[in-house]
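Visitor: In my numbering, the protein residues as written are 225 to 585.
Cβ coordinates follow ideal geometry from the N, Cα and C atoms, glycine included.
Since this is a predicted model, take the numbers as computed values, not measurements.
After the structure tokens below, expect a handful of questions from me.
Structure (structure tokens):
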């Protein structure tokens, strides 16, 4: 379902979607109230929800839509303004599944390959997730996708746990996440206390503008000191550093300590920031004293970096499939034999705390 007060924008996005095999528009409406009314009569898999609309805006409509169909996947679509980034983060905390930055000018929507590819990939992946979760898969926006057009699942292999590694006491915690990541990060850092006496580096796939606001939300909701990373900033224990949008985040030694470095090297795994360069640099500087957690997300970013961490003697944990919005990134490391444990989101934080207490003894 498309929900946007601009009929022109709805038409442009509809043409993108209808042109793809296996996808169809179940409904197209101009405000949140219309979306609520339509969802009662026509269940869908995925909703693309604008923020600013007359009658009922996206943030107001969100909980009403989830009340009608709790397993519906809602993608917030907004232009990259600070105000919209703030609202989108609030929406993610309130149950939205993901977000997509919408081009500012209407003409850019039809001409932006980046927007089209990102939107279609998210619709496909989230539609498949919704179909697996739904008890009545017949009424949906995402029809079964031909195998040749479907993204290869990363969860068709068995989880293979790694044994015998990760014996050193961790001196740094590194976290990678993507789709569903903000919600998972809020939970993880509510369960891990700020007094763990080590720095935390987080790469969440997110555009510029959003990452600084994500850091603010994590700080407010968890009590952790949390900031968007900046080049040259010293790593401090008990502090979370979020990779800035459109920049890779790494770490390097400087004198007796460590500092953050940011760069705009080419994207890796189609992402910038990417989890892999962060993990490679951390493993190079900290060796086996690294604890890595890979959370929910599309794709396989973090798999190669986690392999470097594991080979250096570090510990890798991953979120399990049942609690992940999309089990791409965590599934990639879990099925590659890199993880010490694969756990539900609610168990990851306590597991980290227990591991740190055990290693400290």
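Let me know if residue 381 comes out buried or exposed under the rule of 16 or more other beta-carbons within 10 Å of its beta-carbon.
Guide: Working through the chain shown from its first residue, we reach residue 381 at position 157. Flag for residue 381 reads exposed.
Visitor: Closest to residue 340 by C-alpha separation, out of 540, 508, 272, would be which residue?
Guide: Indexing the chain shown from 1 puts residue 340 at position 116. It is 272 whose Cα lies nearest to the Cα of residue 340.
Visitor: Given a threshold of 16 other Cβ atoms within 10 Å of its Cβ, counted over all protein chains shown, does residue 264 qualify as buried or as exposed?
Guide: Counted from its first residue, the chain shown places residue 264 at position 40. Exposed.
Visitor: List, from N- to C-terminal side, the alpha helix (DSSP H) runs of 4 residues or more that fit wholly inside the region 243 to 282.
Guide: Correct list: 256 to 265.
Visitor: Less than 8 Å separating the beta-carbons of residue 572 and residue 397?
Guide: Position 348 of the chain shown, counted from the start, is the residue given in the question as residue 572. Position 173 of the chain shown, counted from the start, is the residue given in the question as residue 397. The answer is no: Cβ separation not under 8 Å.
Visitor: Within the continuous alpha helix (DSSP H) that includes residue 455, where are the two ends?
Guide: By 1-based counting over the chain shown, the position of residue 455 is 231. Neither: residue 455 is in no alpha helix (DSSP H) and is coded neither H nor E.
Visitor: Between the Cα of residue 477 and the Cα atoms of 446, 507, 499, which residue gives the shortest distance?
Guide: Here residue 477 refers to the residue found at position 253 of the chain shown. Of the listed residues, the one whose Cα sits closest to residue 477 is 507.
Visitor: Report the partner residues of residue 297 according to the DSSP bridge assignment.
Guide: As a first step, residue 297 must be located in the chain shown, where it is residue number 73. DSSP, once it has assigned bridges, lists 270 as partnering residue 297.
Visitor: Using 10 angstroms around the beta-carbon of residue 231, count the other beta-carbons present and answer buried if the total reaches 16, otherwise exposed.
Guide: The sequence position of residue 231 within the chain shown is 7, counting from 1. It counts as exposed.
Visitor: Can you tell me where the alpha helix (DSSP H) with residue 310 in it begins and where it stops?
Guide: Residue mapping note: residue 310 aligns to position 86 of the chain shown, counting from 1. From DSSP, the alpha helix (DSSP H) with residue 310 extends over 306 to 317.
Visitor: Rounding to the nearest angstrom, what Cα-Cα distance links residue 314 and residue 442 in this structure?
Guide: Indexing the chain shown from 1 puts residue 314 at position 90. Indexing the chain shown from 1 puts residue 442 at position 218. Taking the straight line joining both Cα atoms gives about 11 Å.
Visitor: CB-CB under 6 Å to residue 276, same chain, minus the five flanking residues each way: which ones, in chain order?
Guide: As a position in the chain shown, residue 276 is number 52, starting the count at 1. Here the set comprises nothing.
Visitor: Whole beta strand (DSSP E) runs in the region 555 to 583 with 3 or more residues, listed along the chain?
Guide: Here the runs fully enclosed are 565 to 567.
Visitor: To the nearest angstrom, how far is it from the Cα of residue 468 to the Cα of residue 422?
Guide: Along the chain shown, one-based indexing puts residue 468 at 244. Along the chain shown, one-based indexing puts residue 422 at 198. Taking the straight line joining both Cα atoms gives about 20 Å.
Visitor: What's the gap between the Cα of residue 348 and the Cα of residue 247?
Guide: The residue labelled residue 348 in the question sits at position 124 within the chain shown. The residue labelled residue 247 in the question sits at position 23 within the chain shown. Going by the C-alpha atoms only, they are around 8 Å apart.
Visitor: So, at 8 Å on beta carbons, what are the nonlocal neighbours of residue 386 in its own chain, with the 5 sequence-adjacent residues on each side left out?
Guide: Position 162 of the chain shown, counted from the start, is the residue given in the question as residue 386. Counting only Cβ-Cβ distances below 8 Å, and skipping sequence neighbours, we find 534, 540, 561, 562, 563, 564.
Visitor: Looking only at its own chain, which residues have a Cβ that is under 7 Å from the Cβ of residue 419, when we skip the five neighbours before and after it?
Guide: For the purposes of this step, residue 419 is taken as residue 195 along the chain shown, with counting starting at 1. Within the same chain, residue 419 has close Cβ partners 462.
Visitor: Please determine if the region 521 to 538 and the region 494 to 508 are in contact, where contact requires at least 3 C-beta pairs separated by less than 8 Å.
Guide: Output reads yes: the region 494 to 508 touches the region 521 to 538.
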